[in-house]
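Reading the sequence shown from the start, the letters are residues 1 to 262 in the UniProt record's numbering. Where a beta carbon is used, it is the ideal one built from N, C-alpha and C, also for glycine. Everything below concerns the one structure shown next.
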Amino acid sequence: MNTLLTPTDAVDIDTRWQQLAPDLPADKVLFSDVIPGGCHWSWMLPRGVTLRLVAQGAGANLSLVLYNARQKLERYNMPDSLKAQHTAHYSRGHVLMSDMGCAMASITADSLGWHDPLGMLLDTPRLHDKYGEHSYQQYRNGMYRAGRDGLLIEIGKYGLTRRDLVAPVNFFSKVSVDEEGRFRFHEGHARAGDHLDLRLDMDVIVAVSTAPHPLDPRPDYAPAAVGITAWRSGPAAEDDYCRAFRPECARALHNTDMHYLA
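What follows is the structure in structure tokens.
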């Protein structure tokens with residue numbers, strides 16, 4: 001089990017990865033950090049980098065969106081990804097596909113076996129209705145943040161706007177559909193130490209929020225932190241697990257590979 005950290009731990013940022021991902025080779029690690037619960041962040045990262053995401057507390061949620069860093073009109077497409085892979089949830093082997101049929105990222109390792117692509121984002125009206133209002137003016141870093149607002153702030157740093165915000169993947173959360181066609185949120189799905197590896201299959205803009213899942217029934221605003229370590233894994237090999245997972249995954253990875261022939 002990975003050693004868990006809090007955002008306030010006095011750990012050198014160059015060695016934080018040793019607690020979050022001790023099995024990774026030091027010469028391949030790019031950076032490591034802990035994103036506090038309710039916060040948001042973003043990066044522009046190249047193809048062949050893998051992100052290890054580690055839940056720092058029970059009930060963690062990390063909402064993630066992806067955009068092609070070379071051509072921002074291409075972005076993660078939830079309906080196409082789910083239809084192509086005949087699934088309503090993500091786990092190891094699944095590929096996050098773009099609206100142009102390319103692989104943007106692949107789940108290469110996963111301790112949970114279920115991540116939610118359907119539950120969308122917590123917005124400000126729902127946040128206030130459910131948890132009350134804690135503004136920055138009064139509570140500073142203790143303010144309550146909505147996932148939708150956090151992702152809009154992050155993608156805005158790259159010239160993207162409200163119209164560019166796509167449906168996210170809610171990692172560490174589980175939502176199923178009952179016999180009446182209603183969403184059911186599974187409490188206690190993620191535990192501290194649960195993790196996944198997300199390989200980036202093209203140059204991407206990655207934006208994340210650790211705000212609560214919009215269907216989380218817990219009455220108190222207490223989102224868990226998520227640790228993140230980026231490392232150089234290289235692109236998908238010919239015998240890659242995700243490439244062999246489904247024919248549709250192989251096609252999407254091939255389509256991306258064709259853009260990097262040079």
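Close beta carbons around residue i, own chain, < 6 Å, minus the five adjacent residues each side
{"i": "Glu74", "result": "Asn68, Ser98 and Met100"}
{"i": "Asp9", "result": "Any answer about Asp9 is weak, because its pLDDT of 48 lies below 50 and its placement is not dependable; what the coordinates show is given next. Hits under 6 Å: none found."}
{"i": "Pro7", "result": "Confidence in Pro7 is poor, its pLDDT being 46 and thus under 50, which makes the residue's placement unreliable; the coordinate value appears in the next sentence. Correct list, in chain order: Val34, Pro36 and Ala225."}
{"i": "Arg251", "result": "none"}
{"i": "Arg184", "result": "Ser176 and Asp178"}
Supposed contact pair residue j and residue i - C-beta distance, whole angstroms, cut 8 Å
{"i": "residue 290", "j": "Asp33", "result": "The structure shown has nothing for residue 290, since the chain only spans 1 to 262."}
{"i": "Leu62", "j": "Thr210", "result": "6 Å"}
{"i": "Leu200", "j": "Arg70", "result": "Not really, about 13 Å apart at Cβ, beyond 8 Å."}
{"i": "Glu238", "j": "Ala84", "result": "At roughly 21 Å, the Cβ-Cβ gap does not stay under 8 Å, so Glu238 and Ala84 are not in contact."}
CA nearest to the CA of residue i, picked from the options
{"i": "Gln19", "options": "Ala236, Val226 and Glu238", "result": "Val226"}
{"i": "Ser105", "options": "Glu248, Asp194, Leu253 and Asn61", "result": "Note on residue identity: the sequence assigns Ala, not Ser, to residue 105. Nearest option by C-alpha distance: Leu253."}
{"i": "Leu198", "options": "Val169, Gly159 and Ser176", "result": "Val169"}
{"i": "Asp220", "options": "Val208, Glu133 and Asp164", "result": "Glu133"}
{"i": "Val29", "options": "Arg243, Glu248, Leu160 and Gly234", "result": "Gly234"}
{"i": "residue 264", "options": "Asp194, His189, Ile228 and Pro223", "result": "With the chain running from 1 to 262 in the structure shown, residue 264 is simply not present."}
{"i": "Leu82", "options": "His115, Arg70 and Ala109", "result": "His115"}
{"i": "Leu45", "options": "Val204, Pro247, Arg232 and Ala237", "result": "Val204"}
{"i": "Phe245", "options": "Asp23, His86 and Gly38", "result": "His86"}
{"i": "Pro25", "options": "Trp231, Arg251, Ala262 and Leu261", "result": "Trp231"}
{"i": "Met258", "options": "Asp129, Pro36, Pro117 and Ala103", "result": "Ala103"}
{"i": "Cys39", "options": "Ala224, Leu200, Ala262 and Leu261", "result": "Ala224"}
{"i": "Val49", "options": "Tyr241, Thr108 and Asp23", "result": "Thr108"}
{"i": "Ala21", "options": "Pro212, Asp194, Ile155 and Asp240", "result": "Asp194"}
{"i": "Pro117", "options": "Ile155, Asp80, Tyr131 and Ala236", "result": "Asp80"}
Contact set for residue i: own chain, Cβ-Cβ below 7 Å, skip 5 residues either direction
{"i": "Pro214", "result": "Gly119, Met120, Leu121, Leu122 and Arg126"}
{"i": "Ala192", "result": "Leu4, Ala55, Gln56, Gly57 and Ala58"}
{"i": "Asp149", "result": "Thr124"}
{"i": "Ala167", "result": "Met78 and Met120"}
{"i": "Tyr76", "result": "Val65, Leu66, Leu96, Ser98, Met104 and Val166"}
{"i": "Asp110", "result": "Ser91, Arg92 and Leu196"}
{"i": "Ser135", "result": "Met143"}
Burial state of residue i, where buried means 16 or more other Cβ atoms lie within 10 Å
{"i": "Met202", "result": "buried"}
{"i": "Leu112", "result": "buried"}
{"i": "Tyr90", "result": "buried"}
{"i": "His94", "result": "buried"}
{"i": "Lys174", "result": "buried"}
{"i": "Arg140", "result": "exposed"}
{"i": "Asp178", "result": "exposed"}
{"i": "Arg52", "result": "buried"}
{"i": "Ser42", "result": "buried"}
{"i": "Glu187", "result": "exposed"}
{"i": "Arg243", "result": "buried"}
{"i": "Asp216", "result": "buried"}
{"i": "Asp129", "result": "exposed"}
{"i": "residue 284", "result": "Residue 284 lies beyond the range of the chain shown here (1 to 262); nothing can be said about it."}
{"i": "Asn2", "result": "With a pLDDT of 37 at Asn2, under the threshold of 50, the predicted position of this residue should be treated as unreliable, and no value is reported."}
{"i": "Leu261", "result": "exposed"}
{"i": "Ala236", "result": "buried"}
{"i": "Gly147", "result": "buried"}
{"i": "Glu180", "result": "exposed"}
Contact set for residue i: own chain, Cβ-Cβ below 8 Å, skip 5 residues either direction
{"i": "Arg162", "result": "Leu152"}
{"i": "Ile13", "result": "For Ile13, the predicted model reports a pLDDT of 49, less than 50, meaning its position is unreliable; a value from the coordinates is still stated below. Counting only Cβ-Cβ distances below 8 Å, and skipping sequence neighbours, we find Phe31, Ser32 and Asp33."}
{"i": "His189", "result": "Gly59, Leu112, Trp114, Phe172, Ser173 and Lys174"}
{"i": "Tyr158", "result": "Ser42, Met44, Tyr67, Lys72 and Ile205"}
{"i": "Tyr241", "result": "Arg92, Gly93 and Thr108"}
{"i": "Arg218", "result": "Gly59, Glu187 and Pro212"}
For the segment 93-169, list the beta strand (DSSP E) runs that are entirely contained and at least 3 residues long, ordered along the chain.
95-97 and 103-110
Residue ranges of each beta strand (DSSP E) run of no fewer than 3 residues wholly in the segment 191-227, ordered along the chain?
195-200 and 204-209
Which ranges does the beta strand (DSSP E) cover as unbroken runs of at least 3 residues, wholly within the segment 53-84, from first to last along the chain?
62-68
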